[in-house]
Amino acid sequence: MKKIVIAAAIIAAGAGGYWYTQNGAGSSVSANPLLDYVPADTPLFSGQLTPFPLKAYLQSISGNYQQYPSNALAELDELDSPMGKFFVSIYQQYMDGIKDPALLLKTFGFPDEVKPYIYTLGALPVLKININQGDAFWAVLDKAEKDSGVSHEMRKIGDVDYRAYMLSDDSVAEKVELLFAQKDGILTMTFSTSLTKPDLLEMAFGIKKAPQSLAASGIIEDIIKTHGFKNNSVSFINHVEIVKALTSADSNLLSQQLTQLLANENFGEDPLAEIRTPECRAELTAIAANWPRTVAGVTEFSVTEKESHMAASFVIETKNQPILTALQKMRGFIPAHMADINSTIFSMGIGLDVNEVAPALTAIWDDLQKPQLTCAPLAQWQSELSQQSPAMLGMFTGMANGVKGMSVSLLDFKLAAHDDDYQLESVDALVSLSADNPAMLFNMVKPFAPMLADVQLADNGDATDLSPILMLPPALGIKPMLAIKGQHLVVYSGDKGLQLANKLATEKLSTNGMYSLSADYGKMFTPMLTFLEMTGEPVPEEMKMLKDYNMRVKMSFDVNQQGLVIGSVANSKATDKK
Numbered sequence: 001m002k003k004i005v006i007a008a009a010i011i012a013a014g015a016g017g018y019w020y021t022q023n024g025a026g027s028s029v030s031a032n033p034l035l036d037y038v039p040a041d042t043p044l045f046s047g048q049l050t051p052f053p054l055k056a057y058l059q060s061i062s063g064n065y066q067q068y069p070s071n072a073l074a075e076l077d078e079l080d081s082p083m084g085k086f087f088v089s090i091y092q093q094y095m096d097g098i099k100d101p102a103l104l105l106k107t108f109g110f111p112d113e114v115k116p117y118i119y120t121l122g123a124l125p126v127l128k129i130n131i132n133q134g135d136a137f138w139a140v141l142d143k144a145e146k147d148s149g150v151s152h153e154m155r156k157i158g159d160v161d162y163r164a165y166m167l168s169d170d171s172v173a174e175k176v177e178l179l180f181a182q183k184d185g186i187l188t189m190t191f192s193t194s195l196t197k198p199d200l201l202e203m204a205f206g207i208k209k210a211p212q213s214l215a216a217s218g219i220i221e222d223i224i225k226t227h228g229f230k231n232n233s234v235s236f237i238n239h240v241e242i243v244k245a246l247t248s249a250d251s252n253l254l255s256q257q258l259t260q261l262l263a264n265e266n267f268g269e270d271p272l273a274e275i276r277t278p279e280c281r282a283e284l285t286a287i288a289a290n291w292p293r294t295v296a297g298v299t300e301f302s303v304t305e306k307e308s309h310m311a312a313s314f315v316i317e318t319k320n321q322p323i324l325t326a327l328q329k330m331r332g333f334i335p336a337h338m339a340d341i342n343s344t345i346f347s348m349g350i351g352l353d354v355n356e357v358a359p360a361l362t363a364i365w366d367d368l369q370k371p372q373l374t375c376a377p378l379a380q381w382q383s384e385l386s387q388q389s390p391a392m393l394g395m396f397t398g399m400a401n402g403v404k405g406m407s408v409s410l411l412d413f414k415l416a417a418h419d420d421d422y423q424l425e426s427v428d429a430l431v432s433l434s435a436d437n438p439a440m441l442f443n444m445v446k447p448f449a450p451m452l453a454d455v456q457l458a459d460n461g462d463a464t465d466l467s468p469i470l471m472l473p474p475a476l477g478i479k480p481m482l483a484i485k486g487q488h489l490v491v492y493s494g495d496k497g498l499q500l501a502n503k504l505a506t507e508k509l510s511t512n513g514m515y516s517l518s519a520d521y522g523k524m525f526t527p528m529l530t531f532l533e534m535t536g537e538p539v540p541e542e543m544k545m546l547k548d549y550n551m552r553v554k555m556s557f558d559v560n561q562q563g564l565v566i567g568s569v570a571n572s573k574a575t576d577k578k
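Going by the UniProt record's numbering, the sequence shown runs without a break in its numbering and finishes at 578.
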């Protein structure tokens, strides 16, 4: 079970890396012939518009896989399903090569720089990537066939030969096939079902252009300009087209496919009938117009063989000004050091103006109550919502009047052996509560914490040792200090904690964010694994993979003029091969 979890984590990391390859470097948005084959009403699109330096990127992260255990996928290899074994074989070939990027690219037939695309033709997923050694990729599939017992059927449409692999069981009426084709140096992977008509396959394989293409729509240019993304690539989910498909029978390709699928399944009563009424169509369309898209793009990008650094933003767009204004009023304070991905081992910050929480949520609640909806499921939801007023929150937030945010930062820690025992030797850390009047907040808390009754904090930054109050043994080597630093009530430990607390004292409260989380995998896991090795306890191979993992990540959440923004930063450095 542990190996399955580890494998899932690796796959998730690989998926994250894949998304970043979809949003790499460059400056050209036009002159991409593949966009002529993507319909403008595609519900989902993610495309690399200029070459991404795949070899250099893989080189920068390859050191993180040097301790990847050869038997990590052993349990997955025991799957009963032949197609399951087929995919495991392909993934195993990928993991065998990732330690040596040149070998990996040679194995799969990919060039040093790639331009991958993923999109849908209605509901039909299509993946495309340029390839320079087609025979090498076919060899990967041939090996997977040999390892799994799966076989393919060769077919042809137009001038394109393609492989078809049956995914569904014989007992299932709806047949689903996985298709692979190569044309003009482009590898295409897609699916075939009862919904896949010949003209759709022709579009997927690059034989027939889309009648109204994404290339001519201006959608990509608009997203990049609106959100300030690098002028190279973009990803989006089109909420408007999805709502069209759910609320009508033939408004776009997705709706036509969905209608046909429901008819083929013989449900009797249409499961979408309740929302395919004129009232629901109008009201859901209006909601989608207010929340039209989820978009993503890169804001920082640098890749060499030694280091890769990428920052991206995922934005849920909204034109609902009352809700947007309310959310922006809730923004609070995030300490400046959290913007630096290299400053801590682990950090988490919550920026929240507590004084604004109740009125902001009330404003959102009020906005959701109007207009009065008539679509049955929406009206029921609105009725239930009307019974859940957020006004009561004011009673609780009053206890934290003036709070603008809180944060936790782990800067350093040491584990050591003492008298045949192992313990935490030192910790450098900082916990902060930022507020208009931190002294007043502390005095309000004291009646609820008798141990703090005799503690008097000065506004000049002088600290009080909490070790006696917390009854921490001196041998532990941890000395938490409580102080007021500027507009921040802090608890710090160690010299690095003190330095950061003094730096924080100079920071004035501002509304600069809502959430931030960062972690340095190497600094976090290497000491812990070293400690486990010191104990003499066997360290599982899966955990050894995390040792010397030279990667830093950061996630954030905020609200800007365009909508709700999820930020992501990833930094990885090449390490010596073990």
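Quick reminder that beta carbons are idealized off the backbone N, C-alpha and C, glycines included.
Going by C-alpha distance, which of S432, M348 and L124 is nearest T188?
Translated into positions along the sequence shown, residue 188 becomes position 188. Per the Cα distances, L124.
Quick check on DSSP: helix, strand or coil for I118?
As a first step, residue 118 must be located in the sequence shown, where it is residue number 118. DSSP places I118 in strand when its eight states are reduced to three.
In chain order, which continuous runs of the beta strand (DSSP E) of length 3 or greater are located wholly inside the region 185-267?
186-192 and 233-238
Following a CB-centred definition, is L489 positioned closer than 8 Å to any heavy atom of the ligand NAP?
Ligands are entirely absent from the displayed structure, and the ligand NAP is therefore not among its contents.
Does the pairing of the region 422-435 with the region 403-412 give three or more beta-carbon distances under 8 Å?
yes
Could you give the C-beta distance for L103 and L58, rounded to a whole number, given that I count them as a contact under 8 Å?
Along the sequence shown, one-based indexing puts residue 103 at 103. Along the sequence shown, one-based indexing puts residue 58 at 58. No, L103 and L58 are not in contact; Cβ-Cβ is about 10 Å, not under 8 Å.
Does the region 442-458 come close enough to the region 507-527 that 3 or more CB-CB pairs lie under 8 Å?
no
Considering just the uninterrupted stretch of the alpha helix (DSSP H) at L327, what are its terminal residues?
Counting from 1 along the sequence shown, the entry for residue 327 is found at position 327. Residues Q321 to K329.
Just to confirm, is the Cβ distance from L214 to I220 under 9 Å?
Residue 214 sits at position 214 when you count from the first residue of the sequence shown. Residue 220 sits at position 220 when you count from the first residue of the sequence shown. Cβ distance < 9 Å, so L214 and I220 count as in contact.
If I'm right that K414 touches D353 with Cβ under 8 Å, what's the distance once you round it to whole angstroms?
Here residue 414 refers to the residue found at position 414 of the sequence shown. Here residue 353 refers to the residue found at position 353 of the sequence shown. Not really, about 37 Å apart at Cβ, beyond 8 Å.
For the beta strand (DSSP E) holding V38, just list the boundary residues, first then last.
As a working mapping, residue 38 is identified with position 38 in the sequence shown. From DSSP, V38 is part of no beta strand (DSSP E); its letter is neither H nor E.
Using DSSP with H/G/I as helix, E/B as strand and the rest coil, what is T304?
Here residue 304 refers to the residue found at position 304 of the sequence shown. Note: T304 maps to coil in three-state DSSP.
Quick one: what does DSSP say Y444 is sitting in, helix, strand or coil?
Locating residue 444 in the sequence shown gives position 444, where the first residue counts as 1. Rather than Tyr, the amino acid found at residue 444 in this sequence is Met. Helix at M444.
With H, G and I counted as helix, E and B as strand and the rest as coil, what does DSSP make of T299?
For the purposes of this step, residue 299 is identified with residue 299 of the sequence shown, where counting begins at 1. Looking at T299 - three-state DSSP - the assignment turns out to be strand.
So what does DSSP say about R281, is it helix, strand or coil?
Residue 281 sits at position 281 when you count from the first residue of the sequence shown. R281: helix per DSSP, three-state reduction.
Where does N571 sit, in a helix, a strand or coil, going by DSSP?
For the purposes of this step, residue 571 is taken as residue 571 along the sequence shown, with counting starting at 1. In the structure shown, N571 sits in a strand (DSSP, three-state: E or B).
Would you decide whether F396 is buried or exposed? Buried here means 16 or more other CB atoms lie within 10 Å of its CB.
For the purposes of this step, residue 396 is taken as residue 396 along the sequence shown, with counting starting at 1. F396 is exposed by the Cβ-count criterion.
Given a threshold of 16 other Cβ atoms within 10 Å of its Cβ, counted over all protein chains shown, does N550 qualify as buried or as exposed?
Looking up residue 550 in the sequence shown gives position 550. So N550 ends up on the buried side.
Quick one: grab the DSSP three-state call for L373.
What you label residue 373 is simply residue 373 of the sequence shown in a count that begins at 1. Note: L373 maps to coil in three-state DSSP.
Does the separation of the CB atoms of S313 and G567 fall below 9 Å?
Here residue 313 refers to the residue found at position 313 when the sequence shown is read from its first residue. Here residue 567 refers to the residue found at position 567 when the sequence shown is read from its first residue. Closer than 9 Å, so yes.
Going by Cα to Cα distance, which pick from S516, N401 and D462 is closest to A501?
Mapped onto the sequence shown, residue 501 falls at position 501. Comparing Cα-Cα distances from A501 to each of S516, N401 and D462, the minimum goes to D462.
Just verifying my parser: in three-state terms, what is the DSSP assignment at S467?
If you number the sequence shown from 1, residue 467 lands on position 467. Here S467 sits in helix by DSSP.
Confirm, please, whether the CB-CB distance from F236 to S46 is below 9 Å.
Stepping through the sequence shown from its first residue, residue 46 is reached at position 46. Stepping through the sequence shown from its first residue, residue 236 is reached at position 236. Yes.
Output the boundary residues of the alpha helix (DSSP H) element that contains F86.
For the purposes of this step, residue 86 is identified with residue 86 of the sequence shown, where counting begins at 1. P82 to I98 is the extent of the alpha helix (DSSP H) around F86.
To the nearest angstrom, how far is it from the Cα of D270 to the Cα of T259?
The residue you call residue 270 lines up with position 270 of the sequence shown. The residue you call residue 259 lines up with position 259 of the sequence shown. When rounded, the distance between both Cα atoms is 9 Å.
Residues near Q93 in its chain [Cβ-Cβ closer than 7 Å; skip 5 each side]:
Residue 93 sits at position 93 when you count from the first residue of the sequence shown. So the qualifying residues of the chain are T107, V140 and K143.
Grouping DSSP H, G and I as helix and E and B as strand, with all else coil, what is K508?
Start at 1 with the first residue of the sequence shown, and residue 508 comes out as number 508. Three-state result, K508: coil.
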